[in-house]
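Basically the numbering used here = 1-based index in the sequence shown + 800.
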Amino acid sequence: MDSIIVQGGGAVSGEIPISGAKNAALTLMPAALLTDQPVTFTNVPRLSDIKTTNELLASLGTEVVVEDDGQKITLTTPEITNQVAHYDIVRKMRASILVLGPMVARDGVAAVSLPGGCAIGARPVDIHLRGLEALGVELDLRDGYVHAKAPNGLTGATYELPFASVGATENLLMAATLTKGTTVLKNVAREPEIVDLADLLRAMGANITGDGSTVMTIEGVDKLHGATHAVVADRIELGTYMMAPLIAGGSVELLGGKRRLLESFCQKLEEAGASITETERGLMVARNGARIQAVDVTTEPYPGFPTDLQAQMMALLCTAEGTSVLNETIFENRFMHAPELVRMGADIEVSGGTATVTGVDKLRGAPVMATDLRASVSLILAGLASTGETRVARVYHLDRGYERVVSKFRAIGANIERIKE
Ligand code: UD1
């Protein structure tokens, strides 16, 4: 298994291109199941989760054509030849549940393995399922699978999500495009990835309004057609690399970065002492003064502070001046990076969904490991601010969500390498 080694201590400077969003691609690609025509994606990030999605879709009958070194993917599904998304693939990636809505909407039948637990909490799919039932889908949970059927097709309905789940919003939005009649989805998620999905679906012939707000209205159509779509920029990758000059010193330009994708996050960084300037090519980030100041952070659904940037923020606050309080409200078990950061000399106390971080002058490199994607990258960031060597194990988590992470950090002068062990 590979590890990443970071030699900390130096400032960073230079530029990093921001890739297409993993979380957008993982919902855009299943949307291709809604039509028998080709759907082409550009600006696709080259990640192991994308390969898993290709594998999943191919297992259902999709022809997958990968071009441009993985950045362009065309998906054509003349028919869904296999109605079952098997456990072997679904267990690798929870987002596999996103094929359920499109499959049942197109053919009136689907079975998808239940994704099961995951390192950052229980992550149930009850909202996906209740919403599909509201659209007339009959569900049966047996043998670890959700069996869905709608022999007479889906029917438009009004459904209010009990929580603005990103995945449930995506599944229901895709399913609603092919219903008879009008669907009104209330209390939906507003993430930029949802807007990107709605843009794709409209390009395929769907009739959707309200995306980006809390209520979406979808007039069902009989059929969707092919389209070409460029995946939106990855705001989580953007936010992650914005941390590098704040934690290590220096300044970095994030090419393709847009402030409007991360407004509340940018405000929080500015409160902590970041200078963020919009440039013609993206965002320029630097640190004002010698030290970052402590700030309090609460994760929330978009447009609030993203849970996917909480671990990286914690790494930053470990060397801030003063004490910061981080509240995690989205996932109940998302502080696994805290004990690893403590091994590097951080002062963190975790109690339930709250972490109290008291800044220290310096972190010290150490061998560390993390059990999820964002936690892993937070340890690399902490390594940049540490004396000595940090060795991050279980690099496969990073391969799921950060395209060419080592070369991107190297492009800004970080001393980082990947080794085989
Ligand atoms: C997506 C992102 C993930 C991000 C998360 C929150 C993808 C592939 N993943 O995950 O990176 O951290 O949004 O921004 O886009 N919940 C339920 N029942 C449900 C669905 C969700 O109780 O049916 C709960 C979850 O357990 C969790 C919370 O709602 O506590 C948020 O989950 P959700 O917004 O659905 O996140 P995902 O779509 O899984």
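Where a beta carbon is used, it is the ideal one built from N, C-alpha and C, also for glycine.
Inter-residue CB distance, residue i and residue j (contact presumed, cutoff 8 Å)
{"i": "A989", "j": "A1027", "result": "Going by Cβ atoms, the distance from A989 to A1027 rounds to 22 Å, so no, they are not a contact pair."}
{"i": "V984", "j": "T1014", "result": "Contact flag wrong, Cβ pair sits at about 11 Å."}
{"i": "L932", "j": "S896", "result": "That pair is no contact at about 16 Å."}
{"i": "G1005", "j": "L978", "result": "Between L978 and G1005 the Cβ distance is about 10 Å, and since that is not below 8 Å, they are no contact."}
{"i": "N843", "j": "V1031", "result": "5 Å"}
{"i": "I818", "j": "E1128", "result": "About 25 Å; that fails the 8 Å criterion."}
{"i": "V1195", "j": "I804", "result": "5 Å"}
{"i": "T982", "j": "G956", "result": "4 Å"}
{"i": "G1159", "j": "A1111", "result": "Wrong, their Cβ atoms sit about 17 Å apart, outside the cutoff."}
{"i": "Q883", "j": "V909", "result": "5 Å"}
{"i": "V1177", "j": "M1144", "result": "The pair is not a contact, with the Cβ atoms about 14 Å apart (cut-off 8 Å)."}
{"i": "V1157", "j": "M1114", "result": "6 Å"}
{"i": "L1109", "j": "G1039", "result": "5 Å"}
Opposing strand residues paired with residue i [DSSP bridges]
{"i": "I1008", "result": "I1018"}
{"i": "P817", "result": "L1055"}
{"i": "Y1041", "result": "Per DSSP, none; premise fails for Y1041."}
{"i": "M1136", "result": "Its beta-bridge partners do not exist; DSSP assigns none."}
{"i": "E960", "result": "K986"}
{"i": "Q807", "result": "E1189, N1215"}
{"i": "H1029", "result": "F841"}
{"i": "T1129", "result": "T1129 pairs with nothing; no bridge assigned."}
{"i": "T1158", "result": "T1123, D1147"}
{"i": "I1076", "result": "V1085"}
{"i": "V812", "result": "G1050"}
{"i": "A950", "result": "Answer is none; A950 lacks a bridge partner."}
Where residue i falls, given that 16 or more other Cβ within 10 Å makes a residue buried
{"i": "T1190", "result": "buried"}
{"i": "D1161", "result": "exposed"}
{"i": "E1203", "result": "buried"}
{"i": "F1209", "result": "buried"}
{"i": "L941", "result": "exposed"}
{"i": "S1207", "result": "exposed"}
{"i": "S965", "result": "buried"}
{"i": "D888", "result": "exposed"}
{"i": "E991", "result": "buried"}
{"i": "R1060", "result": "exposed"}
{"i": "G1089", "result": "exposed"}
Contact check, residue i vs residue j, beta carbons under 7 Å
{"i": "T1099", "j": "I1130", "result": "yes"}
{"i": "L1000", "j": "L834", "result": "no"}
{"i": "L1181", "j": "M1043", "result": "yes"}
{"i": "V812", "j": "I1212", "result": "yes"}
{"i": "M801", "j": "D849", "result": "no"}
{"i": "F1073", "j": "L1054", "result": "The question names Phe, yet the displayed sequence has Gly at residue 1073. Going by C-beta atoms, G1073 is not nearer than 7 Å to L1054."}
{"i": "H928", "j": "N971", "result": "yes"}
{"i": "G808", "j": "L1198", "result": "no"}
{"i": "H836", "j": "P878", "result": "Checking the sequence shown, residue 836 turns out to be Asp, not His. In contact: D836 and P878 (Cβ atoms closer than 7 Å)."}
{"i": "G870", "j": "R846", "result": "yes"}
{"i": "R774", "j": "L1046", "result": "There is simply no residue 774 to check, as the chain begins at 801 and stops at 1221 in what is shown."}
{"i": "A911", "j": "H947", "result": "yes"}
{"i": "I994", "j": "T969", "result": "yes"}
{"i": "G1152", "j": "G1188", "result": "no"}
{"i": "C1118", "j": "A1094", "result": "no"}
{"i": "V1192", "j": "L1179", "result": "yes"}
{"i": "T827", "j": "L997", "result": "yes"}
{"i": "P830", "j": "V925", "result": "no"}
Beta carbon proximity, residue i to chain E, threshold 7 Å
{"i": "V1150", "result": "This model lacks chain E altogether; it includes just one protein chain."}
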